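Below is one structure, written out as structure tokens; the observations come after it.
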Amino acid sequence: MGESDRYYEYRGKKFSLGTDGNALTILICINAVLFLTITFARIVYSVTDSAPEAFENEFLQWFILPAKVSFLTHRPWTIITYMFSHTGLVTAITNMLWLWAFGSIFQQTAGNRKLIPIYLYGGLAGAAAFIAANYFIPSLKPVADQSVLEGSAASIMAVAVATTTLTPDYRFFKMMNGGIPLWVLTMLFVIIDFAGIASKSAAYNVAHLAGALTGFLFILSLRKGNDWSLWMGKMYDWINNLFNPDNKPVPVKRIKEKVFYKTGNQKPFIKKSAGITQQRVDEILDKINQQGYQLLTEEEINILKKAADTDL
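Under this note's numbering, residues -16 to 295 are what the sequence shown spells out, in order.
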């Protein structure tokens, strides 16, 4: 079992969907609330014998993204709301399952604070690509007035590709001959969307691919030291502190390392780490939530590894 596997095994005991401030839970809940709201409105229109067009024109259009910029200027918020809006039960459930599958891995690896930003970035890129496709692909221009985009697919593709870029060798369904590598599953989704560009749903496939590209660029930029999520995190903290002035961050006590110097034929110094305690492990897990697993020091990785072995 590798270090990353030991981390996932141990981290699974410490982080769940019920954890306070869990970004994955927040995203799933927002999607669920909007789906229930849209479904309830559809039922109301149905029992009042309203025409289906009335539901779409009077209610649904305020949540989903239009392909025409002239329409978008009258409801600009739909560039955000569309990525949380689903009208079909099967699509909503399927998308949330994939969001949970990829999002949980991404969250454990890159940190809790990066999941929502990558979801939003993927959705925004998908929206821009969808609108551009309807303007520049000749076969789509005649139907652009009626074309709309809904659902979290572009955002989920961003999360999926970002997760795969971080941990390509992670495996699903490990009980089946060692499992399916994450990169194989993600590549399958990308190929399906790429092939779909030749179909009538080209604009939707282009949107999904734009989300996928965004996920890859997000991680590529992160590895170069440029974190696109920082400004969103700072904005969230500012708003949170504005409405909760007593909610001040608790300073984290750092455990210093002991360094012993020797002479003679021995090495110049021997570094001795402090004993592993629950407090120290919690500090490391908090660091992962804030900054991501990839920013841990070698000592911190070893502490997590030992904690998983000893079931601290």
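C-beta atoms are modelled at their ideal positions from N, C-alpha and C, and glycine is treated no differently.
Note that this is a predicted model, so its numbers are computed, not measured.
Which one of Ala34, Phe38, Ala136, Trp214 has the shortest CA to CA distance from Ile76?
Working through the sequence shown from its first residue, we reach residue 76 at position 93. The option with the nearest alpha carbon to Ile76 is Ala136.
What span of residues does the alpha helix (DSSP H) with Arg25 cover, start to end?
Walking along the sequence shown from the start, residue 25 turns up at place 42. Start and end: 6 to 30.
Per the DSSP calculation, Val131 is bridged to which residue(s)?
Taking the first residue of the sequence shown as position 1, residue 131 is located at position 148. BP columns for Val131 point to Pro49.
Spatially closest choice to Asp265 from Ala290, Tyr28, Asn227, by CA coordinates
Sequence index remark: in the sequence shown, residue 265 carries index 282 (1-based). Cα-wise, what sits closest to Asp265 is Ala290.
6 Å CB neighbourhood of Gly179 in its chain, flanking five on each side removed:
Your numbering for residue 179 matches position 196 in the sequence shown. So the list reads Asn188, once near-sequence residues are dropped.
Does Pro14 pass the burial test, meaning 16 or more other C-beta atoms within 10 Å, or should it be called exposed?
Start at 1 with the first residue of the sequence shown, and residue 14 comes out as number 31. Checking the sequence shown, residue 14 turns out to be Asn, not Pro. With 16 or more Cβ atoms within 10 Å of its Cβ, Asn14 is classed as buried.
With DSSP as the reference, identify every bridge partner of Ile163, one or two as the case may be.
Here residue 163 refers to the residue found at position 180 when the sequence shown is read from its first residue. Beta-bridge pairing links Ile163 to Phe155.
Quick one: using the 10 Å Cβ neighbour count with 16 as the cut-off for buried, is Lys97 buried or exposed?
Along the sequence shown, one-based indexing puts residue 97 at 114. Buried, since its Cβ has 16 or more Cβ neighbours within 10 Å.
Through-space distance from Phe201 to Asn209, alpha-carbon basis
Along the sequence shown, one-based indexing puts residue 209 at 226. Along the sequence shown, one-based indexing puts residue 201 at 218. Those two C-alpha atoms are separated by around 9 Å.
In angstroms with no decimal places, state the Cα-to-Cα distance between Ile99 and Asn227.
On the sequence shown, residue 99 is found 116 positions in, with the first residue counted as 1. On the sequence shown, residue 227 is found 244 positions in, with the first residue counted as 1. When rounded, the distance between both Cα atoms is 21 Å.
Apply the 10 Å Cβ neighbour rule to His57 and answer buried if 16 or more other Cβ atoms are within range, or exposed otherwise.
Translated into the one-based positions of the sequence shown, residue 57 becomes position 74. Looking at its Cβ environment, which holds fewer than 16 other Cβ atoms inside 10 Å, His57 is exposed.
Rounded separation between Pro121 and Ile175 - CA only:
In the sequence shown, residue 121 corresponds to position 138, counting from 1. In the sequence shown, residue 175 corresponds to position 192, counting from 1. Distance between the alpha carbons of Pro121 and Ile175: 22 Å.
Suppose the cutoff is 8 Å on Cβ atoms and the five residues either side in sequence are ignored; what does the same chain contact list for Phe177 look like?
Residue 177 sits at position 194 when you count from the first residue of the sequence shown. Taken in chain order, the residues that qualify are Asn188, Leu192.
Taking Cβ to Cβ, would you say Phe113 is nearer than 8 Å to Leu82?
Residue 113 sits at position 130 when you count from the first residue of the sequence shown. Residue 82 sits at position 99 when you count from the first residue of the sequence shown. Contact: no.
Under the three-state DSSP convention, the category Lys124 falls into:
Taking the first residue of the sequence shown as position 1, residue 124 is located at position 141. Three-state result, Lys124: helix.
Between Met170, Ala186, Pro164, Tyr104, which lies nearest to Trp214 when the distance is taken from Cα to Cα?
Translated into positions along the sequence shown, residue 214 becomes position 231. It is Tyr104.
Helix or strand or just coil, what does DSSP make of Trp83?
Here residue 83 refers to the residue found at position 100 of the sequence shown. Correct three-state label for Trp83: helix.
If I follow the unbroken alpha helix (DSSP H) through Arg96, where does it start and stop?
Position 113 of the sequence shown, counted from the first residue, corresponds to residue 96. First-last for Arg96: undefined, no H or E at that position.
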